[in-house]
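Here is the structure we will look at, set down as C-alpha cells.
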Amino acid sequence: MLEAAKLQKIKQEPHIWSSVIRSLRAPLKENDIDADQLMAEVGISKHDVDLTNGEIPLKGWMNFMEKAAVNAGNPLLGVDLARTAGPETLGAVGFLFLSSPTIHEAFLNMCHYMNLLQGVTNAHLVIDDYETAWVYQIMHVDELKCIQDVEFSLTLTKRMIKIFAEDKIDVLSVNFRHSPQMDRREYEKRIKVPVHFNQEVNSVVIPTQHLNMTGKILDSSLAPILKAYLDEEQASFNKIKTLSDQVRYVLYGQRIPLPITAKKVARHVGLSEASLYRKLKSEGVRFSDLLEERNFGLAKEYLSTSDMTVTQVAHIIGFADSSSFCRAFTRWSGGITPSEFPKSENSGL
Numbered sequence: 077m078l079e080a081a082k083l084q085k086i087k088q089e090p091h092i093w094s095s096v097i098r099s100l101r102a103p104l105k106e107n108d109i110d111a112d113q114l115m116a117e118v119g120i121s122k123h124d125v126d127l128t129n130g131e132i133p134l135k136g137w138m139n140f141m142e143k144a145a146v147n148a149g150n151p152l153l154g155v156d157l158a159r160t161a162g163p164e165t166l167g168a169v170g171f172l173f174l175s176s177p178t179i180h181e182a183f184l185n186m187c188h189y190m191n192l193l194q195g196v197t198n199a200h201l202v203i204d205d206y207e208t209a210w211v212y213q214i215m216h217v218d219e220l221k222c223i224q225d226v227e228f229s230l231t232l233t234k235r236m237i238k239i240f241a242e243d244k245i246d247v248l249s250v251n252f253r254h255s256p257q258m259d260r261r262e263y264e265k266r267i268k269v270p271v272h273f274n275q276e277v278n279s280v281v282i283p284t285q286h287l288n289m290t291g292k293i294l295d296s297s298l299a300p301i302l303k304a305y306l307d308e309e310q311a312s313f314n315k316i317k318t319l320s321d322q323v324r325y326v327l328y329g330q331r332i333p334l335p336i337t338a339k340k341v342a343r344h345v346g347l348s349e350a351s352l353y354r355k356l357k358s359e360g361v362r363f364s365d366l367l368e369e370r371n372f373g374l375a376k377e378y379l380s381t382s383d384m385t386v387t388q389v390a391h392i393i394g395f396a397d398s399s400s401f402c403r404a405f406t407r408w409s410g411g412i413t414p415s416e417f418p419k420s421e422n423s424g425l
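The numbering used here numbers the first residue of the sequence shown as 77 and each following residue consecutively.
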C-alpha cells in the first residue's frame with residue numbers, strides 16, 4: 077500500500093516510476109551521457125531513483141530526456157534508447173504486458189495501469205474491423221516538452237509487441253502528433269515500420285485480426301499475481317483522485333465524440349450532469365475551466381510541435397471554425413494569437 081507521505085507527494089505533482097531511468101543508465105552511458113550527473117542538473121533525486129519502488133517527478137523525467145538528447149547531439153535519442161529497452165523499464169506493468177494471455181489483454185492491461193506508471197498519462201485502444209490503435213496521450217502539464225518521451229514510449233511499445241509474440245505480430249505504423257526531428261527515413265530505419273507525423277494522436281497500430289495472438293515469452297500464470305500487486309497500488313492511488321482529476325483524464329482521453337459537453341463527460345464518469353457540476357463546485361472547480369484548460373493545452377502542443385495549420389488544430393480540438401478558435405486562444409494566452417504562438421513559445425507562455 078502507498079504510505080501517507082507518498083500519497084501527499086502524488087497529490088502535489090504527477091510522477092513516473094523510477095524504474096524507467098534506472099533501466100536506462102547503461103544505454104545512456106553508451107551515448108556518453110552520465111545519467112547521475114544529468115539527474116542532478118534537472119533536480120531528480122538519485123535516492124528516489126535507486127529505490128526499488130521509487131518515483132520521480134514527471135516534469136523531471138521530461139526535462140531529463142530532452143536534455144539528454146541535446147547533450148548526446150542526437151534528436152532521436154528517445155527512439156534509440158527504446159530500441160534496446162525491455163519490460164524492466166516499465167516495472168510490473170511491463171512484465172504484466174508480456175505475461176498477458178493475448179496481445180489484446182496486454183494492451184488493455186497497459187491502458188488500465190498506465191496512469192499508475194506515469195501520472196497524467198492516458199492510454200486507450202481504438203478498434204475497428206481492420207486496425208487496432210494503441211493511443212498514447214500525455215495530459216497537459218505546463219512547460220513540459222515531451223517529444224523525447226513520446227518517441228521513447230511509442231518505440232518501446234512497438235518493441236514490446238514484437239517481443240510478446242516473437243515478431244509474429246505485424247505493426248502497421250507508428251504515428252506521432254508532432255513534426256519529425258530528422259528526416260522521416262531515419263525514423264523508419266530505426267523503428268522498422270512506417271512512421272507518420274502531424275497526426276491527430278500518438279499511436280501504434282496493428283491489424284485487428286492479430287488481437288487474439290498469444291504470448292510466447294512469459295508464463296500467463298504470472299499475470300494474476302502482477303495484477304493483484306498493481307490493483308493494490310491502484311486502489312491506494314484512486315483514493316486521492318479528485319473528480320476534477322477524473323474529468324481531466326476523460327477530457328484528454330479523446331474518447332468522447334466532438335463536441336465535448338458536460339453531459340457527455342458526466343455520463344462517462346457515471347454521474348448526472350447536475351451532480352457533475354455540484355461535485356466539481358465542491359472542489360472549487362468549474363467544468364468550463366477544465367474544458368478550456370484541455371483546449372488550451374492541446375492547442376499549444378499542436379501549434380508548437382507539429383506542422384498543422386491553425387484551421388487543422390481548431391478542427392481537431394473541437395471548434396466549428398478557425399475564427400472562434402483564434403478568439404478563444406487569444407483570450408487564453410493573454411493576447412497572443414495562434415499564428416504568433418510558436419514564435420513566443422520560448423518566452424514562457
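Backbone N, C-alpha and C fix where the C-beta goes; we use that ideal spot for every residue, glycine too.
Need the endpoints of the beta strand (DSSP E) that residue i sits in, please.
| i | result |
| --- | --- |
| Gln213 | Glu207 to Ile214 |
| Ala199 | Thr197 to Ile203 |
| Ile132 | Glu131 to Pro133 |
| Asn251 | Ser249 to Asn251 |
Which of the three DSSP states, helix, strand or coil, is assigned to residue i?
| i | result |
| --- | --- |
| Pro90 | coil |
| Asn191 | helix |
| Asn274 | coil |
| Ser415 | coil |
| Thr178 | strand |
| Thr160 | coil |
| His254 | coil |
| Glu359 | coil |
| Gly149 | coil |
| Arg269 | The identity of residue 269 in the sequence shown is Val, whereas the question assumes Arg. Coil. |
| Gly136 | helix |
| Lys244 | coil |
| Gly167 | coil |
| Gly119 | coil |
| Met186 | helix |
| Met141 | helix |
| Lys82 | At Lys82 the pLDDT is 40, less than 50, meaning the model places this residue with poor confidence; the figure from the coordinates comes in the next sentence. Three-state result, Lys82: helix. |
Give me whichever residues DSSP pairs with residue i in a beta bridge.
| i | result |
| --- | --- |
| His391 | Per DSSP, none; premise fails for His391. |
Could you tell me the boundaries of the alpha helix (DSSP H) in which residue i lies?
| i | result |
| --- | --- |
| Cys402 | Ser398 to Ser409 |
| Met236 | Ile223 to Phe240 |
| Leu366 | Phe363 to Thr381 |
| Asp101 | The amino acid occupying residue 101 in the given sequence is Arg; Asp does not appear at that position. That run of the alpha helix (DSSP H) goes Arg101 to Glu106. |
| Asp110 | Asp110 -> no alpha helix (DSSP H), and no H or E assigned at all. |
| Ile97 | Ser95 to Arg98 |
| Lys122 | Lys122 to Asp126 |
Measure from the C-beta of residue i to each C-beta in chain C and report whether the shortest distance is under 9 Å.
| i | result |
| --- | --- |
| His188 | In the structure shown, chain C cannot be found, because there is only a single protein chain. |
Item to check | Every unbroken alpha helix (DSSP H) within the region 277-356, with a cutoff of 4 residues, ordered by chain | outcome: Within the region 277-356, the complete alpha helix (DSSP H) runs of at least 4 residues are 298-315, 319-328 and 338-344.
Checklist entry - Taking one C-beta from the region 269-279 and one from the region 299-310 each time, how about it: are there three or more such pairs within less than 8 Å? => result Because the criterion of three Cβ pairs below 8 Å is not met, the region 269-279 and the region 299-310 do not touch.
Checklist entry - Three or more beta-carbon pairs under 8 Å between the region 202-210 and the region 90-103, yes or no? => result No: fewer than three Cβ pairs fall under 8 Å.
Checklist entry - For the 8 Å Cβ check, are there 3 or more pairs between the region 230-240 and the region 126-142? => result Taking a cut-off of 8 Å for Cβ pairs, the region 230-240 and the region 126-142 do not touch, as fewer than three such pairs fall below it.
Item to check | the region 115-123 in contact with the region 164-176 per 3-pair CB rule at 8 Å | outcome: Contact between the region 115-123 and the region 164-176 is absent, because fewer than three Cβ pairs lie under 8 Å.
Next on the checklist: Tell me whether the region 106-121 and the region 139-159 touch, counting them as touching only if at least three CB pairs, one residue from each stretch, are closer than 8 Å.
Outcome noted: Contact between the region 106-121 and the region 139-159 is present, because at least three Cβ pairs lie under 8 Å.
Checklist entry - Are there three or more Cβ pairs, one per stretch, closer than 8 Å when the region 339-350 is compared with the region 318-329? => result Segments in contact, yes.
Checklist entry - Touch check for the region 185-200 and the region 240-256: three-plus C-beta pairs under 8 Å? => result No: fewer than three Cβ pairs fall under 8 Å.
Checklist entry - Touch check for the region 395-413 and the region 361-380: three-plus C-beta pairs under 8 Å? => result Yes, the region 395-413 is in contact with the region 361-380.
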